[in-house]
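Data first, discussion second: the structure below is written as structure tokens.
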Amino acid sequence: MTYELALNEYKGPLDKLLELVEEKKLEITRVSLSEVTADFLDYLKKMEAEKTNHGLIADFLAVASRLILIKSKTLLPALELSAEEESDIKNLEARLKIYAELKGAQKNIKSLWNEQQVMATREFLSGMEAVFYPPEGISKEDLAPALERILEELQRFLKPVETIKIEVINLKAKIEDILKKLEGKPMGLRGLRNENSRSELVVLFLAILHMIKEELIHVEQETHFAEIQIARK
Amino acid sequence: MENNRKIGELEALLFVYGEPLEIKKIAKLLKVKETEASDIVATFESRLASEDRGLALMRDGERIQIATKPEFRTVNETLMKEEFREELTPAALETLSIVAYLGPVPRSTIDYVRGVNSSFILRNLLMRGLVERETSEEGRHAYKYRVSLDFLKHLGLTRKEELPEFEKYRNILTSFETP
Amino acid sequence: MENNRKIGELEALLFVYGEPLEIKKIAKLLKVKETEASDIVATFESRLASEDRGLALMRDGERIQIATKPEFRTVNETLMKEEFREELTPAALETLSIVAYLGPVPRSTIDYVRGVNSSFILRNLLMRGLVERETSEEGRHAYKYRVSLDFLKHLGLTRKEELPEFEKYRNILTSFETP
């Protein structure tokens, strides 16, 4: 269970974000979140380079996409945000504030845990002899269906990992896809979307950001409300 | 007093059962009404507070259990040497804190506060017996999570309300705008 | 009185220890002289005589132990009957099935496949005679669980391999076994 192990060792995205904000001695506001966006993305890149598990990266991507929205809005004040995007941003601020408050609760639990003031209990029917009390009406056919139930649940539990893996692998595929679409003609941001899923939007944002940094593409917005045009350099 | 005998009976029952026992079940076994059972439990609990008693009553809603008092460190140290106490990882600490102070709580709330999908860490904590889940009214797969009495035992607390600053953190979600 | 605290400590000690404990050892654990330990034990014993106590001190030469008073035996017998009269819960049936198809199997594997801690359920199945445990090579605390012959007989089977689709389920479960 490497996923589980990795998940246990790493800080979650909100923890990291809070650390970055506190490092700069900032309050939790939209402006301060915008200021730490670059650092957060750097950390995300480092995680990808270290081949941290896909599940955690996906969680970081979700937070990163909101930070990018905030950042874009600070850079391009005219950028119109949808009601959903606006509430996403508010949401992130609220969550980070709650997370920061709960740090105190974590401290309490940690210190009690380390104090080792254990209370001990006794085992069920300790010191008594086992007596054969079979349940009535059980037959050999009852066992396999019970197993089926567990196996079904186990499968359902293990499945999301596969989905997350595919989503993350998509980032690289998406970059290639965008470059192919931009072959010859510039395109609007909307034209680059294939489906309307939220995860696709996240990946798209990150792909574009990555390509700007690598100077593979050129981004332009003619007027304030015009669609952002993306062209290959 | 008739009640005294019932208190003795309750003690014997909890001693043998070992695990958390519901008051409803206790009432049935002691052949008394549920309200009476609650009274007997309360009297038993107050007697345990005496200095010459080594046991404490643990409570989780309607379930009770007896355990050794946390202050007997020598006893615990002698007997618990074999017990290997793992450090809590950041993910485990985050999740346990939320479940301890806010529980019973659905996974969606835990995910929301942590900003990550918590299914793996919850499964890990369930396997370690630190967290328990109950089916909520909404259906079989809508579980609610709470810390186990075993977890509280590790902290030396008889109930979750004894957690430091319990009220302060318990209401934290309502004090912010949440969906 | 300092002695009161020692009585409490003694109670906690006997509560967890479970097995008979020598007075000499008790003296060492409570950090008192042996004569003092004997006095503490005697006072503890006289307090247990009170009607509101469910426990009694058992002596075997220099070794002592606590157990429920004989007059509360009936309540404990009812407890066992009540506990085992009930049908198996879905969780118990699941655990029993894993043990049947995959046994002998350590608890860690059962916990992993079920995704929750199974220690209480296994203990319950053990006391009910449906499951047995064997010490594995790895040491005292690494038990392995298998279904009892009595239970197989109850199902009308002579060997576990006769369970429906034994090979199929055994193979699936084996693929989930943790190292």
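Chains as they are written, first to last, in this note's numbering: chain A, 1 to 233; chain B, 1001 to 1179; chain C, 2001 to 2179. Glycine included, each C-beta is placed from N, C-alpha and C at the ideal position. If you're wondering where the values come from, they're calculated on a predicted model, not measured in any experiment.
Cβ-Cβ distance between residue i and residue j below 8 Å
| i | j | result |
| --- | --- | --- |
| C:Tyr2169 | C:Tyr2101 | yes |
| C:Phe2072 | B:Glu1019 | no |
| A:Lys71 | A:Thr37 | yes |
| A:Glu141 | C:Pro2090 | no |
| A:Trp113 | B:Leu1157 | no |
| C:Leu2130 | A:Ala146 | no |
| A:Leu67 | A:Phe40 | yes |
| C:Thr2095 | C:Ser2118 | yes |
| B:Ile1026 | B:Ala1042 | no |
| C:Leu2014 | C:Gln2065 | yes |
| B:Ala1067 | A:Met119 | yes |
| B:Arg1047 | C:Asp2052 | yes |
| A:Lys24 | A:Glu35 | yes |
| A:Pro13 | A:Asp42 | no |
| C:Ser2097 | A:Leu151 | no |
| B:Arg1063 | B:Arg1159 | no |
| A:Leu81 | A:Leu69 | yes |
Spatially closest choice to residue i from the options, by CA coordinates
| i | options | result |
| --- | --- | --- |
| B:Gly1061 | B:His1154, B:Phe1120, B:Leu1021 and B:Lys1006 | B:Leu1021 |
| C:Val2099 | C:Thr2078, C:Leu2149, C:Arg2059 and C:Lys2081 | C:Leu2149 |
| A:Glu85 | A:Gly104, A:Val63, A:Lys159 and A:Gln106 | A:Val63 |
| B:Pro1104 | B:Arg1146, B:Ala1067, B:Lys1028 and B:Ala1056 | B:Arg1146 |
| B:Glu1011 | B:Phe1044, B:Ile1023, B:Ala1037 and B:Val1032 | B:Phe1044 |
| A:Arg156 | C:Arg2114, C:Ile2040 and C:Thr2109 | C:Arg2114 |
| B:Lys1069 | B:Lys1025, B:Leu1055 and B:Val1041 | B:Leu1055 |
| C:Thr2035 | C:Asn2003, C:Glu2134, C:His2154 and C:Met2080 | C:Asn2003 |
| A:Asp15 | A:Ile217, A:Thr121, A:Arg95 and A:Ile230 | A:Arg95 |
| C:Leu2079 | B:Lys1024, B:Ile1110 and B:Ile1040 | B:Lys1024 |
| B:Ile1040 | B:Asp1052, B:Arg1005 and B:Val1016 | B:Arg1005 |
| A:Glu153 | C:Ser2046, C:Val2116 and C:Glu2051 | C:Val2116 |
| B:Leu1173 | A:Ala105, A:Ala58, A:Gly137 and A:Ile109 | A:Ala105 |
| C:Phe2176 | C:Glu2161, C:Thr2135, C:Pro2106 and C:Arg2053 | C:Pro2106 |
| C:Tyr2143 | C:Phe2084, C:Arg2053 and C:Ile2110 | C:Ile2110 |
| C:Phe2151 | C:Glu2132, C:Phe2166, C:Glu2167 and C:Ser2136 | C:Glu2132 |
| B:Ile1007 | C:Arg2059, C:Glu2162, C:Glu2161 and C:Val2075 | C:Val2075 |
| B:Glu1086 | A:Glu93, A:Lys110 and A:Ala130 | A:Lys110 |
| A:Ser234 | C:Ile2121, C:Thr2135, C:Ser2136 and C:Glu2162 | Since the first and last residues shown for chain A are 1 and 233, residue 234 of chain A lies out of range. |
| C:Ser2108 | C:Lys2160, C:Ser2136 and C:Tyr2017 | C:Ser2136 |
| C:Lys2153 | A:Tyr133, A:Ser65 and A:Ile230 | A:Tyr133 |
| A:Leu21 | A:Lys107, A:Leu33 and A:Glu50 | Note that residue 21 of chain A corresponds to Val in the displayed sequence, not to Leu. Of A:Lys107, A:Leu33 and A:Glu50, the residue nearest in Cα terms is A:Leu33. |
| C:Leu2155 | A:Glu148, A:Lys159 and A:Pro135 | A:Pro135 |
| B:Tyr1017 | C:Asn2171, C:Phe2084 and C:Phe2166 | C:Phe2084 |
| A:Val131 | C:Val2032, C:Glu2077 and C:Lys2033 | C:Glu2077 |
| A:Arg122 | B:Lys1033, B:Leu1057 and B:Ile1121 | B:Leu1057 |
| A:Ile89 | A:Ser65, A:Asn108 and A:Gln229 | A:Ser65 |
| A:Ile57 | A:Lys107, A:Tyr10 and A:Asn108 | A:Tyr10 |
Beta-ladder partner(s) of residue i, from DSSP
| i | result |
| --- | --- |
| C:Arg2146 | C:Glu2132 |
| C:Thr2068 | C:Leu2055 |
| B:Arg1063 | B:Glu1022 and B:Asp1060 |
| A:Ile217 | A:Arg232 |
| B:Pro1106 | B:Lys1144 |
Heavy atom of the ligand PLP within 7 Å of residue i beta-carbon
| i | result |
| --- | --- |
| B:Val1099 | For the ligand PLP, the structure offers nothing, since it holds no ligand at all. |
Counting beta carbon pairs with one atom in the segment 20-32 of chain A and one in the segment 92-104 of chain A, are three or more of them shorter than 8 Å? yes
For the segment 41-69 of chain A, enumerate the residues whose C-beta is nearer than 9 Å to any C-beta of chain B, in chain order. Gly55, Leu56, Ala58, Asp59, Phe60, Ala62 and Val63
Do the segment 121-132 of chain A and the segment 1115-1126 of chain B touch if we need at least three Cβ pairs shorter than 8 Å? no
Interface positions of the segment 112-136 of chain A facing chain B (Cβ-Cβ less than 8 Å), listed along the chain: Leu112, Trp113, Glu115, Gln116, Gln117, Val118, Met119, Ala120, Thr121, Arg122, Glu123, Phe124, Leu125, Ser126 and Met128
Compile a chain-ordered list of the residues in the segment 2009-2028 of chain C whose CB is closer than 9 Å to at least one CB of chain A. Ala2012, Phe2015, Val2016, Gly2018 and Glu2019
What residues in the segment 137-150 of chain A bring their beta carbon closer than 8 Å to a beta carbon of chain C? Gly137, Ile138, Ser139, Lys140, Glu141, Asp142, Leu143, Ala144, Ala146, Leu147, Arg149 and Ile150
Which residues of the segment 1106-1122 of chain B have a Cβ closer than 8 Å to any Cβ of chain A? Give them in chain order. Tyr1112, Val1113, Arg1114, Gly1115, Val1116, Asn1117, Ser1119, Phe1120 and Ile1121
Between the segment 1144-1160 of chain B and chain C, which residues of the former have a C-beta closer than 7 Å to a C-beta of the latter? none
Using a Cβ cut-off of 9 Å, which residues of the segment 2068-2089 of chain C contact any Cβ in chain A, in chain order? Asn2076, Leu2079, Met2080, Lys2081, Glu2083, Phe2084, Arg2085, Glu2086, Glu2087 and Leu2088
Taking a Cβ distance cut-off of 9 Å, strictly less, list which residues of the segment 14-25 of chain A are near chain B, in chain order. Leu14, Asp15 and Leu17
Can you list, in chain order, the residues of the segment 2038-2065 of chain C whose Cβ is nearer than 9 Å to any Cβ on chain B? Thr2043, Phe2044, Arg2047, Ser2050, Glu2051, Asp2052, Arg2053, Gly2054 and Leu2055
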